Ligand code: PMP
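Residue numbers (the numbering used here): 7 to 407.
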């Protein structure tokens, strides 16, 4: 029956972990996976999450099904976190929101909803490059995927002129996917001033902005600062779509906690949109899992756990920022590695686009047991004081050839 099914290619990111696992060298380092690691290279369960779980266990709740759009105590607070406590559409009860299977599920619900109900276009523009899963998510949702320029190889920075040109050349009312903060894979974000210009272009061309916010708080250490772009667009009167994930900022990767929301014109319009979100979700997975939503809801709704969590997110962001400084200093000052490494410090979030070439990344894996994706992206969270010197020396050797 399946004799004509061709073997698919391995996942480019998860494949790195396979190669890492097979390597027996004690010095090996995995910088492929986008999950936070603590100072000892171990996965990190946030203390605020542990406390929330104790409260949940003590409350002895049942395991009944959630509604199709999930736990409303949680989604209300997720919306407040993203849009801000003073958000106009939030206060006017015109944000349609549903719980989702983390960020991926939110993007997929959004893609499917837009493919079915957005009346003006079936085309979505993604930054070049973007997170590898964006293209298949939106293609499988029934949208046509195109790209806009984003990364400038020469400067290892943002190609802002190219970005503007491409958005201005896009058909009116097309959908445009924007990484709200900590762009994956490049770690390069527009400045506040550049976001304002992007907002103006989106307005002029009547594009539909779809924000993917997978790293709120993780980029700068402040959930408010990282929400700047989303809140600015909403203040400017744009109707937006938003995907949220609590995988990174609460370390809830495997719990799959996210949310998808749309701002609308009125409570009445919101109610109609909510009803159609349910119709999109029901045949996909019926209703979402309960445990992770309880954790996130407990933290966001607690006057004690919320500030604790914010401090813990900042702790993760700060550790990553300190690794950027150390790596930059080692390469530039200690090892005098050829090339310009300022982007390691200026990029933000989990990842750094190092500028290492595919042959260099191959040499790093084969000779130094250091694993990263072939595009030279490294997860900064995989570095710590125990391995950073070895990593810098290995990069230095690979660059010198
Ligand atoms: N969007 C971006 C840009 C991401 O980097 C990720 C995680 N790698 C996601 C969405 C979704 O992740 P998850 O489904 O685990 O929330």
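The beta carbon of each residue, even a glycine, is placed where N, CA and C say it ideally should be.
What you are looking at is a predicted structure, and each value in this text was computed from that prediction instead of being measured.
- Bounds of any beta strand (DSSP E) do not take in residue 365; it lies within the alpha helix (DSSP H) bounded by 364-374.
- Between residue 388 and residue 36 a beta carbon distance of about 6 Å is seen, short of the 8 Å cut, so the two are scored as contacting.
- The criterion of a C-beta distance shorter than 8 Å is not satisfied by residue 128 and residue 157.
- Checking the 7 Å criterion, the Cβ of residue 255 is out of range of every heavy atom belonging to the ligand PMP.
- Of the candidates 359, 284, 122, 205, 284 places its Cα closest to the Cα of residue 76.
- Taken in chain order, the complete beta strand (DSSP E) segments of 3 residues or longer contained in the segment 134-194 are 150-155, 181-185.
- With a cutoff of 7 Å, residue 97 does not count as near the ligand PMP, since its C-beta is closer than that to no heavy atom of the ligand.
- For residue 289, the enclosing alpha helix (DSSP H) stretches over residues 273-291.
- For residue 250, the three-state secondary structure derived from DSSP is strand.
- As computed with DSSP, residue 10 is found in no beta bridge at all.
- For residue 41, the closest C-alpha among the options 303, 254, 121 is that of 254.
- The C-beta of residue 401 has 16 or more other C-beta atoms within 10 Å across all chains shown, which makes the residue buried.
- Taking 7 Å as the cut-off, the C-beta of residue 297 does not count as close to any heavy atom of the ligand PMP.
- Contact between the segment 363-379 and the segment 309-317 is not established, with fewer than three Cβ pairs separated by less than 8 Å.
- At least 8 Å separates the beta-carbon of residue 301 from that of residue 341.
- Close CB contacts of residue 143 within its chain, under the 8 Å cut and outside five residues either way in sequence, are with 110, 113, 114, 117 (chain order).
- Residue 377 sits in a strand when the DSSP states are folded into three classes.
- Distance check between residue 333 and each of 282, 186, 347 places 347 closest, using alpha-carbon atoms only.
- Secondary structure of residue 386 (DSSP, three-state): helix.
- Distances from the CB of residue 349 to the heavy atoms of the ligand PMP are all 7 Å or more.
- The way I'd put it, the segment 211-223 doesn't touch the segment 70-85; fewer than three beta-carbon pairs between them come closer than 8 Å.
- For residue 358, the enclosing beta strand (DSSP E) begins and ends at 357-359.
- Relative to the ligand PMP, residue 137 has its C-beta within less than 7 Å of a heavy atom.
- Around the Cβ of residue 190, a 10 Å sphere holds 16 or more other Cβ atoms; the residue is buried.
- Taking 8 Å as the upper bound for CB-CB distance, residue 267 and residue 102 are in contact here, some 6 Å apart.
- When DSSP states are grouped into helix, strand and coil, residue 39 belongs to the coil group.
- Fewer than three beta-carbon pairs drawn from the segment 155-169 and the segment 87-107 are found closer than 8 Å, and the two stretches are therefore not classed as touching.
- Bounds of any beta strand (DSSP E) do not take in residue 23; it lies within the alpha helix (DSSP H) bounded by 20-28.
- DSSP places residue 218 in the strand class (E or B) of the three-state scheme.
- The Cβ atoms of residue 224 and residue 329 do not sit closer than 8 Å to each other.
- Taking the Cα of residue 45 as reference, the smallest distance to any Cα among 208, 391, 22, 120 is reached at 391.
- Here residue 331 is exposed: its Cβ has fewer than 16 other Cβ atoms, across all protein chains shown, within 10 Å.
- Residue 171 and residue 211 do not touch by the CB rule: their CB atoms are close to 12 Å apart, not below 8 Å.
- Residue 259 has its Cβ nearer than 7 Å to a heavy atom of the ligand PMP.
- In this structure, residue 190 has its beta carbon less than 7 Å from a heavy atom of the ligand PMP.
- In this structure, the beta-carbon distance from residue 394 to residue 360 does not fall below 8 Å.
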